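Residue numbers (this note's numbering): 37 to 258.
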Amino acid sequence: MTIASNLNKIKQTLPNNVKLVAVSKFHPTEALEEAYNAGQKVFGESRMQELEVKQKSLPKDIEWHFIGHLQTNKVKAIVPYIHTIESVDSWRLLCEINKHALSFNRIVNCMLELHIAQEESKYGLSIEECKRFLSKNNWKSLQGIQITGLMAMASNTEEKEQIRNEFKLLKSTFDEIKDMFFKDINYFSEISMGMSYDYQIAIEEGSTIVRVGSAIFGNRRT
Ligand SMILES: *Cc1c(COP(=O)(O)O)cnc(C)c1O
Numbered sequence: 037m038t039i040a041s042n043l044n045k046i047k048q049t050l051p052n053n054v055k056l057v058a059v060s061k062f063h064p065t066e067a068l069e070e071a072y073n074a075g076q077k078v079f080g081e082s083r084m085q086e087l088e089v090k091q092k093s094l095p096k097d098i099e100w101h102f103i104g105h106l107q108t109n110k111v112k113a114i115v116p117y118i119h120t121i122e123s124v125d126s127w128r129l130l131c132e133i134n135k136h137a138l139s140f141n142r143i144v145n146c147m148l149e150l151h152i153a154q155e156e157s158k159y160g161l162s163i164e165e166c167k168r169f170l171s172k173n174n175w176k177s178l179q180g181i182q183i184t185g186l187m188a189m190a191s192n193t194e195e196k197e198q199i200r201n202e203f204k205l206l207k208s209t210f211d212e213i214k215d216m217f218f219k220d221i222n223y224f225s226e227i228s229m230g231m232s233y234d235y236q237i238a239i240e241e242g243s244t245i246v247r248v249g250s251a252i253f254g255n256r257r258t
């Protein structure tokens with residue numbers, strides 16, 4: 037299977053309102069070029085240095101999403117071109133993104149990463165932490181960022197019902213948070229959930245962004 041045919045197969049199953057982020061981490065620039073030439077314009081990377089190298093050599097109309105853990109001292113480098121940082125999980129990080137976005141005269145889309153899976157993870161806010169984050173902090177005053185939605189990963193399990201329940205939890209949390217904090221804010225509209233193994237379930241449960249890697253590019257060395 038080629039990258040182009042993998043992409044086409046996936047796109048045929050996606051509703052129009054669902055954005056496909058092609059997760060290209062660990063794959064060489066040529067693989068991204070192949071996807072780009074097949075019409076894919078949105079790519080996701082999870083490591084700063086890799087993103088930097090690829091962004092420099094690929095066309096400038098690519099919409100880049102950062103989906104990995106981001107250290108505050110790495111923010112400045114990606115702010116000039118990043119479209120969305122999907123993995124914001126601290127106030128400190130959000131403020132850092134805002135500061136650099138203002139200095140480049142940009143508004144950077146940010147999504148809050150939630151930890152909804154049953155398994156342990158170092159990253160992501162719990163639902164309670166997320167609500168506390170939004171009620172306590174003065175995020176509305178940050179002119180360089182927009183909080184556009186929530187991102188999460190389901191458990192790495194074969195139990196489809198568990199995955200489905202985790203996606204349901206993210207969707208209901210999104211609805212609740214929208215109602216509590218973003219009632220009059222249209223840009224808070226995205227739910228990023230679903231990867232190669234589970235994106236179809238995610239779409240059934242209300243995903244608006246799926247992050248698909250290996251189903252497009254094949255297996256990677258991780
Ligand atoms: C790697 C990664 C993906 C894509 O995973 P696949 O199983 O290859 O589709 C999606 N989201 C995040 C946050 C990732 O790190």
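Glycine included, each C-beta is placed from N, C-alpha and C at the ideal position.
This structure is a prediction, so every number in the text was calculated from the model and none was measured.
From the DSSP output, in three-state form, read off residue i for me.
i, result
"residue 45", "helix"
"residue 152", "coil"
"residue 219", "coil"
"residue 182", "strand"
"residue 81", "strand"
"residue 54", "coil"
"residue 74", "coil"
"residue 67", "helix"
"residue 225", "coil"
"residue 188", "strand"
"residue 111", "helix"
"residue 209", "helix"
"residue 233", "coil"
"residue 140", "coil"
"residue 176", "helix"
Comparing C-alpha positions only, which one of the options sits nearest to residue i?
i, options, result
"residue 48", "122, 219, 236", "236"
"residue 66", "95, 194, 198, 214", "95"
"residue 232", "60, 53, 52", "60"
"residue 85", "62, 46, 146", "62"
"residue 214", "183, 141, 51, 196", "183"
"residue 120", "196, 181, 52", "181"
"residue 248", "43, 38, 171", "43"
"residue 216", "196, 169, 202, 256", "169"
"residue 75", "202, 241, 58, 206", "58"
"residue 153", "137, 164, 193", "193"
"residue 280", "150, 132, 151", "This structure cannot settle anything about residue 280, because the visible part of the chain is limited to 37 through 258."
"residue 162", "112, 130, 126, 79", "126"
Whole angstroms is fine: what's the gap from residue i's alpha carbon to residue j's?
i, j, result
"residue 97", "residue 222", "25 Å"
"residue 209", "residue 118", "26 Å"
"residue 68", "residue 254", "12 Å"
"residue 176", "residue 212", "18 Å"
"residue 64", "residue 229", "25 Å"
"residue 41", "residue 252", "9 Å"
"residue 173", "residue 197", "35 Å"
"residue 146", "residue 51", "23 Å"
"residue 73", "residue 250", "18 Å"
"residue 124", "residue 45", "31 Å"
"residue 219", "residue 165", "20 Å"
"residue 189", "residue 234", "10 Å"
"residue 202", "residue 151", "10 Å"
With DSSP as the reference, identify every bridge partner of residue i, one or two as the case may be.
i, result
"residue 255", "None; residue 255 has no bridge partner."
"residue 120", "101, 145"
"residue 161", "150"
"residue 245", "55, 228"
Quick one: what's got a C-beta closer than 6 Å to residue i's C-beta in the same chain, skipping five residues either side?
i, result
"residue 155", "191"
"residue 105", "159"
"residue 200", "237"
"residue 70", "39"
"residue 134", "178, 180, 181"
"residue 122", "101, 103, 147, 187, 228"
For residue i, collect the residues of the same chain with a Cβ closer than 8 Å to its Cβ; drop the 5 residues on either side in sequence, then sort them by chain order.
i, result
"residue 54", "239, 243, 244, 245, 246"
"residue 116", "140, 142"
"residue 225", "184, 185, 244"
"residue 256", "61, 62, 63, 249, 250"
When you compare the CB of residue i with every CB in chain B, is at least one pair closer than 8 Å?
i, result
"residue 57", "Although the question refers to chain B, the structure presented lacks it and comprises just one protein chain."
Apart from the five residues just before and just after residue i, which ones in its own chain have a Cβ nearer than 7 Å to its Cβ?
i, result
"residue 128", "108"
"residue 91", "100, 117"
"residue 204", "241"
"residue 207", "227, 241, 242"
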